[in-house]
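Beneath this line is the structure, given in structure tokens, with notes to follow.
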């Protein structure tokens, strides 16, 4: 297929994906804004004042990057997993399988949709946070890089989940039993330095720690882990998951007989 | 060049079911080709492999000379598929569905919009372009799938039971449309359970059963193998029973006569004898579809041959 054709196909999938989540904005864009507002009110305002400073910042300032990252992770994952599984369920994924669309373009289109939604939600949550705290920016390049790599990573993970899923229950298992614990234990609400040494080591096996801390570094300039390590791991995981997603779609796992 | 060449195609599903057992098939460029077979014969598997929805176990498929394995994208670009089941996003509008499909094939948006207008108009769906797919009737959904398959202007259109569940009026209009696009040069492969449809539209035919082609010939040659046809005649009341010399016949009702007529005999002797006996024929029809009769016979003989070979 001609490069120009691939570009048209990619654009078509991406616009379709964006149209989908914008059409159901009450389900896709409003809930994260409400949930994060509640986090800001409860953890930031009500409880945060009693917790005191963390990493040299007020508790509210400390948790803002983590909460933004939490919404980016959950929304990028759920967007692609539910959209791709719906396409499988309604069988309209066949429209793509029949067409001469390269596997990498299919992945890029769906992942692009997940990234668009999660970035939009990240912006909404950031705007909401401005009502509670003055957001600082230490390094905008790190912020953009980390948020993009993280949303690509979890969008790809959502796609892989959808490929394996056989029912709608299957796409909620990973977010409930894997993603939520990893995110909550990923340093969104606390600094790893508060933990005993053993649990600090255990926490460093959690990939979300590197994303939250990398993102926090971009805002506040502080992090429990090195920014180079964070970025390297993000790039590594992205390559790994893209490879898995490519293999699954190319061989037709879960979508071809 | 053939539109489609299939050689030694095999498919064994995970459970061990052997759907295709070394199928060979060729379809000429410009043909209107019928692929018939009973349920579970392997039609949908064959179409699934041609359209890349099913992975073959072995064999080769080429579309207009492009190998489906090594030149996948060029081969796929030649094919338009109208599947048996509705497989579009029920929440998208008619226009979104056809425009997206064009986009997947790399058709620029401006060209896609022109084609959408053309095909939706031709298939009587333009007024419904902003309706969501789930709001359409069954017949409209079938036509939407045809419009969608034509958006990239394929050279080979595959229709898997395109008129299933569609009323007679719409079915006839779909036939007219399909004949028109075939005359414009698009090769069409049709599977259908309405054998009258295949007889009316197709020039060549293959009958598939249990993963093998049991007959592959022209429609005319196939129909010419029929030696006897049964006609049903409704007679006006006379109070008498007719007798027909030289024919096998029976009365199936008070005024209904069934006559078996050898092809070379024709119907004139039947009418002459009835007229001489003072009977008036009110109406006449074929007892069964000719192709249906042949189809059943060919499938049965194929199964008997397979049974003998195994024994």
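Protein chains in written order, with the working numbering: chain A, 3 to 259; chain B, -14 to 296.
Just so it is clear, CB atoms sit at the ideal spot from N, CA and C, and this is done for glycine as well.
{"Item": "For residue 201 of chain B: DSSP bridge partner residues", "Value": "B:191"}
{"Item": "Per-residue burial, residue 236 of chain B [other beta carbons within 10 Å of its own, 16 or more giving buried]", "Value": "exposed"}
{"Item": "Under 7 Å between C-beta atoms of residue 159 of chain B and residue 67 of chain B", "Value": "no"}
{"Item": "Residue 248 of chain A: first and last residue of the uninterrupted alpha helix (DSSP H) it sits in", "Value": "229 to 253"}
{"Item": "Three CB pairs or more closer than 8 Å across the segment 69 to 79 of chain A and the segment 126 to 134 of chain A", "Value": "yes"}
{"Item": "Uninterrupted beta strand (DSSP E) stretches inside the segment 46 to 73 of chain B (no shorter than 3 residues)", "Value": "64 to 67"}
{"Item": "Best match in B:96, B:143 and B:247 for proximity to residue 166 of chain B [C-alpha to C-alpha]", "Value": "B:143"}
{"Item": "7 Å Cβ cutoff met for residue 203 of chain A and residue 219 of chain A", "Value": "no"}
{"Item": "Under 7 Å by beta carbon: chain A residues contacting residue 56 of chain B", "Value": "What residue 56 of chain B touches in chain A: nothing, since even the nearest Cβ is about 10 Å away."}
{"Item": "With 16 other Cβ atoms within 10 Å as the buried cut-off, status of residue 169 of chain A", "Value": "exposed"}
{"Item": "Residues of its chain near residue 189 of chain B, where Cβ-Cβ distance is below 6 Å and the 5 sequence neighbours each way are ignored", "Value": "16, 18 and 203"}
{"Item": "Alpha helix (DSSP H) runs contained entirely in the segment 157 to 187 of chain B, provided each spans 4 or more residues", "Value": "180 to 186"}
{"Item": "Proximal chain B residues relative to residue 11 of chain A, where beta-carbon distance stays under 9 Å", "Value": "88, 89, 90 and 91"}
{"Item": "Residue closest to residue 139 of chain B, alpha-carbon to alpha-carbon, out of B:65, B:214, B:182 and B:192", "Value": "B:65"}
{"Item": "Close-in-space but distant-in-sequence residues of the same chain around residue 80 of chain A (CB under 7 Å, 5 per side omitted)", "Value": "160 and 177"}
{"Item": "Sequence ranges, beta strand (DSSP E) only - wholly within the segment 222 to 272 of chain B, length at least 3", "Value": "233 to 236, 241 to 247 and 266 to 271"}
{"Item": "Beta-carbon separation (whole angstroms), residue 266 of chain B vs residue 214 of chain B, contact threshold 8 Å", "Value": "That pair is no contact at about 16 Å."}
{"Item": "Rounded straight-line distance, which links the Cα of residue 61 of chain A to that of residue 55 of chain A", "Value": "6 Å"}
{"Item": "Candidates A:231, A:251, A:115 and A:142: closest to residue 67 of chain A by CA position", "Value": "A:142"}
{"Item": "Same chain, Cβ closer than 8 Å to residue -14 of chain B, five either side skipped, listed in chain order", "Value": "14, 49 and 50"}
{"Item": "Neighbour flag for residue 26 of chain B against chain A, beta carbons, 7 Å", "Value": "no"}
{"Item": "Under 7 Å between C-beta atoms of residue 190 of chain A and residue 211 of chain A", "Value": "no"}
{"Item": "7 Å Cβ cutoff, residue 199 of chain B in contact with chain A", "Value": "no"}
{"Item": "Three-way DSSP call (helix, strand, coil) for residue 6 of chain B in this model", "Value": "strand"}
{"Item": "Interface flag, residue 81 of chain A vs chain B, CB-CB below 7 Å", "Value": "no"}
{"Item": "Per-residue DSSP class, three states only, for residue 145 of chain B", "Value": "strand"}
{"Item": "Paired residues, beta bridge with residue 56 of chain A - DSSP", "Value": "A:59"}
{"Item": "Reduced DSSP secondary structure (H/G/I, E/B, other) of residue -3 of chain B", "Value": "strand"}
{"Item": "Residue nearest to residue 7 of chain A in terms of C-alpha spacing, selected from B:105, B:54, B:97 and B:228", "Value": "B:97"}
{"Item": "CB contact below 7 Å: residue 92 of chain A versus chain B", "Value": "yes"}
{"Item": "Minimum C-alpha distance to residue 106 of chain A - residue among A:253, A:24 and A:258", "Value": "A:253"}
{"Item": "Beta-carbon gap between residue 86 of chain B and residue 97 of chain A smaller than 7 Å", "Value": "yes"}
{"Item": "Amino acids of chain A, ordered along the chain, whose beta-carbon sits closer than 8 Å to that of residue 95 of chain B", "Value": "Near residue 95 of chain B there are no residues of chain A at all, since even the closest Cβ is about 11 Å away, more than 8 Å."}
{"Item": "8 Å contact criterion, which residue 39 of chain B and residue 258 of chain A should meet: CB distance rounded", "Value": "6 Å"}
{"Item": "Assigned exposure category for residue 206 of chain B - 16 Cβ within 10 Å defines buried", "Value": "exposed"}
{"Item": "Chain-ordered chain A contacts of residue 47 of chain B [CB-CB under 9 Å]", "Value": "Near residue 47 of chain B there are no residues of chain A at all, since even the closest Cβ is about 15 Å away, more than 9 Å."}
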